[in-house]
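Residue numbers (the numbering used here), protein chains in the order written: chain A, 691 to 844; chain B, 691 to 844.
Report on one structure; see the data block that follows.
2 protein chains.
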Amino acid sequence: MQTKTKMSPAQEAQKFFFELGMVQRMKTGAKLAELGLSFSQAHALRLLDPDEPMPMSALAERLFCDASNVTGIADRLEARGLVQRESLVGDRRVKALTITPSGMKLRKQVLELMSQPPDAIAALSDADQRALRDILARAVEHLRAAGESDQLGR
Amino acid sequence: MQTKTKMSPAQEAQKFFFELGMVQRMKTGAKLAELGLSFSQAHALRLLDPDEPMPMSALAERLFCDASNVTGIADRLEARGLVQRESLVGDRRVKALTITPSGMKLRKQVLELMSQPPDAIAALSDADQRALRDILARAVEHLRAAGESDQLGR
DNA sequence: AGTAGTTATTTGACAACCTCAAGCATTGGG
DNA sequence: CCCAATGCTTGAGGTTGTCAAATAACTACT
């Protein structure tokens, strides 16, 4: 009766992966809201290097979004005094973002919160956790390898 | 020099998981856009049961969002003739969504697209794929177990 | 029946995110 | 000096999301 009696291991893995990701996104989203941060804002804060000012275009790239979008996100973060715009000395067109001390404090909380594994993973056996880590590490590796050749762009 | 020399396997797994999920979300988002669907719209279409009309409140629950939000999503899907509102016979307050034939066609494409594992997973060895599937299956199991007792929630 | 309370959906106000096209300032090469 | 390219901003327009209030329909109680 059902057409989907057969699913490849990769497909099944993908299905579970998606479901776990969905739930996890909701839970962290709720926790971030308590800090007064949206998901995108937290993600941006997380990506900023505490020591190295990051041009807004670079941030846009890492957020996989349009540069004009970053303007708004930076506006809101700056309005709360979490980051600062700073024109680059060599090229006054580019504005780099630096994290303020109060931004650093919040960033620390965000990192803590987001690196905390979800219950579903924490509940796994030690062996499973280690195996999962290793397999995902290999997957990420493939990702980067593919990404490199991708940079040559269509 | 670095304070994070030690990370638990679960934390590392979480980090990789997040990164893979982020990239995957972008890629599927792009493919869905080609079908003229936003992520939420596709997700809703995916969750609807082809055979069983689903009350909008039930859909809201599965989308982890407010009921008023579903109104808008259903509006857009209905405007394109992909779903239909249908008042329940026993209780005229609840409106259930059914998928139209053209909605079914699009839903099929969405399912195909979203069940297709990302390159990063597809590139893993067979053994890794199977191990990943099994571990994630156990994680999802924990998720459901936790979810059950959650339903008692205040 | 009639009244009150509950429930499902909708509406309206508001904010964030996102993209695209157009604009502005700056830079760098002819 | 002129012109094209680059980095960011602005404005329009659309989707998502929340909350509070409104509406409609059901339920229970008198």
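Note that the Cβ used here is the ideal one computed from N, Cα and C, for glycine as well.
(message) Along the segment 805-830 of chain A, where does the CB come closer than 8 angstroms to a CB of chain B? Name the residues.
(response) S805, Q806, P807, P808, D809, A810, I811, A812, A813, L814, D816, D818, Q819, R820, A821, L822, R823, I825, L826, A827, R828, A829, V830
(message) Assuming the contact rule is C-beta atoms closer than 8 angstroms, B:A732 and B:L722 should be a hit. Round their C-beta distance to whole Å, please.
(response) Yes, B:A732 and B:L722 are in contact; Cβ-Cβ is about 5 angstroms, under 8 angstroms.
(message) Tell me the rounded alpha-carbon separation between B:A786 and A:L710.
(response) C-alpha separation (whole angstroms): 27 angstroms.
(request) Can you tell me which of the three DSSP states B:T718 falls into? (result) Note: B:T718 maps to helix in three-state DSSP.
(request) Say whether chain B places a C-beta atom closer than 8 angstroms to the C-beta of A:F706. (result) yes
(request) Please name the residue or residues paired with B:T879 in a DSSP beta bridge. (result) Residue 879 of chain B is absent from the structure shown; chain B starts at 691 and stops at 844.
(message) Please list, in chain order, the chain B residues whose beta carbon lies closer than 8 angstroms to that of A:M716.
(response) F754
(request) Please name the residue, chosen from A:R736, A:P740, A:R766, that lies closest to A:R752 on a Cα-to-Cα basis. (result) A:R736
(message) Let me make sure I understand the geometry here. Which of B:R770, B:A750, B:F707 has the alpha-carbon closest to that of B:T761?
(response) The option with the nearest alpha carbon to B:T761 is B:A750.
(request) Report the neighbours of B:Q701 on chain A: residues whose CB is nearer than 7 angstroms to its CB, in chain order. (result) The answer, in chain order, is S805, P807.
(message) Looking at A:L822: is its Cβ nearer than 8 angstroms to the Cβ of B:A810?
(response) The beta carbons of A:L822 and B:A810 sit no closer together than 8 angstroms.
(message) Let me confirm a value: B:A757 is counted as buried when at least 16 other C-beta atoms fall within 10 Å, else exposed. Which label applies?
(response) The residue is exposed, with fewer than 16 neighbouring Cβ atoms inside 10 Å.
(request) Within the same chain, show all residues whose beta-carbon is closer than 7 angstroms to that of B:L842, passing over the 5 residues directly before and after it, in chain order. (result) Because the pLDDT at B:L842 is just 41, under 50, the model does not fix this residue reliably, and the value given afterwards should be weighed accordingly. No residues qualify anywhere along the chain.
(message) What would DSSP say about B:K696, mapped onto helix, strand or coil?
(response) When secondary structure is reduced to three states using DSSP, B:K696 falls in the coil class, being assigned neither helix nor strand.
(request) Grab me the residues of B:T718's own chain with a C-beta within less than 7 angstroms of its C-beta, minus the 5 sequence neighbours each way, in chain order. (result) L803, M804
(message) Is the separation between the beta-carbon of B:P807 and that of A:A700 shorter than 8 angstroms?
(response) yes
(request) Please name the residue, chosen from B:I763, B:R775, B:E768, that lies closest to B:M744 on a Cα-to-Cα basis. (result) B:R775
(message) In the DSSP assignment, the beta strand (DSSP E) including B:Q774 goes from what residue to what residue?
(response) 773-777
(request) Would you mind telling me which residues of chain A sit closer than 8 angstroms to B:A836, beta carbon to beta carbon, in chain order? (result) By Cβ distance, chain A contributes D809, A810, A813.
(request) For B:A687, name the three-state secondary structure that DSSP assigns. (result) Shown here, chain B extends from 691 to 844; a query on residue 687 of chain B therefore has no answer.
(request) Using alpha carbons as the reference points, say which of A:R782, A:F708, A:S730, A:P791 lies closest to A:L772. (result) A:P791
(message) To the nearest angstrom, how far is the alpha carbon of B:L767 from that of B:V800?
(response) 14 angstroms
(message) Would A:P740 and A:M794 qualify as a contact pair, given that the criterion is a beta-carbon distance under 8 angstroms?
(response) yes
(request) Label B:A720 either buried or exposed according to how many other C-beta atoms from any shown protein chain fall within 10 Å of its C-beta, with 16 as the threshold for buried. (result) Taking all protein chains in view, the Cβ of B:A720 is surrounded by fewer than 16 other Cβ atoms within 10 Å, so the residue is classified as exposed.
(request) Provide the residue span of the alpha helix (DSSP H) that contains A:L727, from first to last. (result) First-last for A:L727: undefined, no H or E at that position.
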